[in-house]
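Below: one structure, written as structure tokens.
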Amino acid sequence: MSATSAVLPAAPLSPDRLRHLGLALEGLDGAALTWVSGYVAGLAFERARAAGAAPAEPVAPPAATATVLYGSQTGNGRRLAERLKAQLDAAGIAARLVSAADFPPRRLADERLLYLVVSTHGEGDPPDDARAFAEFVLGKRVPRLEQLAYAVFALGDSSYPRFCETGRLLDERLAGLGARRLLPRVDADVDFEPAAAGWIEAARETARREAGGPRLALVTPLRGSAAEPAAPTRERPLAVEVLVNQPVTAAGALREVRHVEIALPEGGLGYEPGDALGIWPENPPSAVAEITELLGAAPDAAVAHDGRTLPLVDWLGREREITRLTRPFLEAHAKRAGSAELAGLLAPGRQEALRAALRDLQVADLLREHPGAWSPAELVAALRPLAPRLYSIASSRSSVGDEAHLTVALLAGERGGRARLGAASSFLGRNAGEPLRTFLEPNPRFRLPADGARDIIMVGAGTGVAPYRGFLQERVESGATGRHWLVFGSRHLDRDFLYQAEWLEALRKGRLQRLDVAFSRDTAQKRYVQHCLLEQGAELFAWLEAGATLYVCGDAERMAPDVHAALLEVVTRQSGRGTEAAAEYVAELASDKRYLRDVY
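The sequence shown begins at 648 in our numbering and counts up one residue at a time.
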């Protein structure tokens, strides 16, 4: 935005001075402009006092009428909460936006109007940034909340059995504590946009009503005369070129892992270590061909849905989720197929079997093994829209320049002699240089310490090591003096020690101070990263006591809980405290942002 072309409130400045002011403010972002406003206000105060005049009392902003609180694992909840906050601001309603990680749970008793946007992670768990908040609300120490009016927007993924579990539990608990529900809870799947738009509008209207009408904004926003280029987003991705796509596993590895290097335009994606890159994939052609064959339809058959008409092959290839099964589709297909076996998966007490089916089966498996009558249009309408996949960025921009590196495990198997491939990993694996549609997914929950003298401990299994490659590059480039400890786990030393040469070189040069590894299939008794932590318990606790930050990245279902249990055991043993005190110690690490997880 050009400050000189902005529409400004009337000001006691000559045109020439106004022009110079505009030039001085040219290119400043919101944070810089806020700082300048405070600086100028301070100058006005001091000059008025020096002249002997009574300076005007600063006008305090009104107390927030509404709180928009979010818990987000992948960023969708954060973005939705930001949109609601912007709508409230536009309506003149004083509101504050807060991450659940930064919200003292006991402050809940002081809230009057709360809009909660929260996702469910993995098998019904709260996202890491909302874990403490959820534990408080669902625990015994939470007070009665008759003063509170609230609404909940729950985000989830219907390919997991406990869909939107966190939002459901919190919504029901708040109501049980006497809080007044303003809107029915919305349980939104991965394609949450249609539901989100309606909920945000309804939330804005309830906030207006609860606040007693609109409030006047204290600041007149600057409006540029010409629109600025929009930054790449999930809805408006950036087309980028693949520079390198090569395996980093040896022949015979159970799962091939590839190192992918992507060229970024200058200033195109200003990522930080810990962030993720979103990739819009295309489904495996073999899966698309199999489904069209099972439907008995021509690939180019025109299919109309939701106001658009496309060939069936395009709907299945680029628009619909066919490699991930969802519970709603399973339910719909069980009825069409009249399958007692599929219906049994949905019965109470079958959570494990249902979880395995949603994880292991694809749409083609249901159509082939449990035939049911679907027309192409009915199938397209029943399938969930294709969603992007997120990959932790395995590089530091200060080290690699205008590039982003990814570490991609190729999901591949077979069922009944037919290949079963993952959507994004197979798409990246077969990519021969065609552009990728990408966007940046910031991850503020997984950042390096601001203090470069602080030690860091990085625990990762398999592709969970990816962000640590970026961490180490960044720390080396910035001249950080803190120590670095990597704990890495995989199956075999000789086949899938990802980036082995780089880690050993960093160890040799003193850039990596400790390296502990666990290769689960190389010994008679399986050994994992948590065993390294237990074996090095005294050293781990010493690093933590000296102020180190602990990072965990990888599988949320098994690795992350096992590492957490090992950490509790280490603290219990080394501190001489009881289990309850050890749990409080670990919770304090998380609260101080010294125990950070990026699990999936």
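We put the CB at the ideal spot given by N, CA and C, even for glycine. All values derive from a computational prediction rather than experimental measurement.
Continuous beta strand (DSSP E) assignments of at least 3 residues falling wholly in the segment 875–921
If you keep only unbroken beta strand (DSSP E) runs of at least 3 residues inside the segment 875–921, you get 885–894 and 904–910.
Would you kindly check if the distance between the Cβ of residue 1139 and the Cβ of residue 1169 is under 7 Å?
The count along the sequence shown starts at 1 and reaches residue 1169 at position 522. The count along the sequence shown starts at 1 and reaches residue 1139 at position 492. Yes, they are a contact pair.
Which of helix, strand or coil does DSSP assign to residue 1163?
Working through the sequence shown from its first residue, we reach residue 1163 at position 516. In the three-state reduction of the DSSP assignment, residue 1163 falls in the strand class.
Helix, strand or coil for residue 1084, going by three-state DSSP, please let me know.
Reading the sequence shown from its first residue, position 437 is the one you call residue 1084. Strand at residue 1084.
Nearest to residue 722 (by Cα), restricted to the options 1074, 1069, 713 and 921:
For the purposes of this step, residue 722 is taken as residue 75 along the sequence shown, with counting starting at 1. In this structure, 921 is the residue among 1074, 1069, 713 and 921 with its C-alpha nearest to the C-alpha of residue 722.
Any chance the segment 836–852 sits against the segment 734–750, with 3 or more Cβ pairs inside 8 Å?
Taking 8 Å as the limit for Cβ pairs, the verdict is that the segment 734–750 does touch the segment 836–852.
Looking at the strands, I want to know which residues DSSP matches up with residue 927.
To locate residue 927, count along the sequence shown from 1; it is residue 280. Answer is 1084.
In or out: residue 891 buried (at least 16 other Cβ within 10 Å) or exposed?
Taking the first residue of the sequence shown as position 1, residue 891 is located at position 244. With fewer than 16 other Cβ atoms within 10 Å, it is exposed.
Residue 1211 - DSSP class collapsed to helix/strand/coil:
On the sequence shown, residue 1211 is found 564 positions in, with the first residue counted as 1. Here residue 1211 sits in helix by DSSP.
Chain-order list of residues whose beta-carbon lies under 7 Å from that of residue 1142 (same chain, five-residue window excluded)
As a working note, residue 1142 is residue 495 in the sequence shown. Once the five neighbours on either side are set aside, the close Cβ partners of residue 1142 are 896, 897, 899 and 900.
Neighbourhood of residue 1206 by C-beta distance below 6 Å, restricted to the same chain and skipping five residues each side:
Translated into positions along the sequence shown, residue 1206 becomes position 559. Shown here for residue 1206: same chain residues with a beta carbon closer than 6 Å to its own, the five before and five after excluded, namely 1108 in chain order.
Decide if residue 1137 is buried, meaning its Cβ has at least 16 other Cβ atoms within 10 Å, or exposed.
Taking the first residue of the sequence shown as position 1, residue 1137 is located at position 490. Only buried fits residue 1137, as 16 or more other CB atoms lie within 10 angstroms of its CB.
Identity of the residue in 935, 712, 1003 and 1030 nearest residue 760 by Cα:
On the sequence shown, position 113 is the one that residue 760 refers to. Among 935, 712, 1003 and 1030, the Cα nearest to that of residue 760 is on 712.
From the DSSP output, which residues share a beta bridge with residue 1103?
Reading the sequence shown from its first residue, position 456 is the one you call residue 1103. Answer is 1131 and 1196.
Just to confirm the assignment, what range does the beta strand (DSSP E) spanning residue 1054 have?
As a working note, residue 1054 is residue 407 in the sequence shown. Secondary structure note for residue 1054: its beta strand (DSSP E) is the uninterrupted segment 1050–1056.
Confirm, please, whether the CB-CB distance from residue 1069 to residue 1200 is below 7 Å.
On the sequence shown, position 553 is the one that residue 1200 refers to. On the sequence shown, position 422 is the one that residue 1069 refers to. No, Cβ-Cβ distance for residue 1200 and residue 1069 is not below 7 Å.
Suppose you measure from the CA of residue 869 to the CA of residue 1010; what does that come to, to the nearest Å?
Position 222 of the sequence shown holds residue 869. Position 363 of the sequence shown holds residue 1010. Reliability fails at residue 869, whose pLDDT of 41 lies under 50, so the model's placement of it is uncertain and no value is given.
From this set, 1014, 983, 1021 and 970, which residue's C-alpha is nearest residue 1005's C-alpha?
Taking the first residue of the sequence shown as position 1, residue 1005 is located at position 358. Here the closest residue by C-alpha is 970.
Where does residue 800 fall in DSSP's three states?
The sequence position of residue 800 within the sequence shown is 153, counting from 1. Note: residue 800 maps to strand in three-state DSSP.
Could you please give the first and the last residue of the uninterrupted beta strand (DSSP E) stretch that includes residue 1041?
If you number the sequence shown from 1, residue 1041 lands on position 394. Segment: none, residue 1041 is in no beta strand (DSSP E) and carries neither H nor E.
Residue of 962, 1043, 993 and 754 minimising C-alpha distance to residue 1028:
For the purposes of this step, residue 1028 is identified with residue 381 of the sequence shown, where counting begins at 1. The option with the nearest alpha carbon to residue 1028 is 962.
Taking C-alpha atoms, which residue in 908, 1090 and 1217 lies nearest to residue 1246?
Here residue 1246 corresponds to residue number 599 of the sequence shown, with the count starting at 1. From the listed residues 908, 1090 and 1217, the smallest Cα separation to residue 1246 is found for 1090.
Distance between residue 912 and residue 1083 (C-alpha atoms, nearest Å)
Here residue 1083 corresponds to residue number 436 of the sequence shown, with the count starting at 1. Here residue 912 corresponds to residue number 265 of the sequence shown, with the count starting at 1. In this structure, the alpha-carbon of residue 1083 lies about 13 Å from that of residue 912.
Mind checking which residues open and close the alpha helix (DSSP H) that includes residue 781?
Residue mapping note: residue 781 aligns to position 134 of the sequence shown, counting from 1. Note, residue 781: alpha helix (DSSP H), 778–785.
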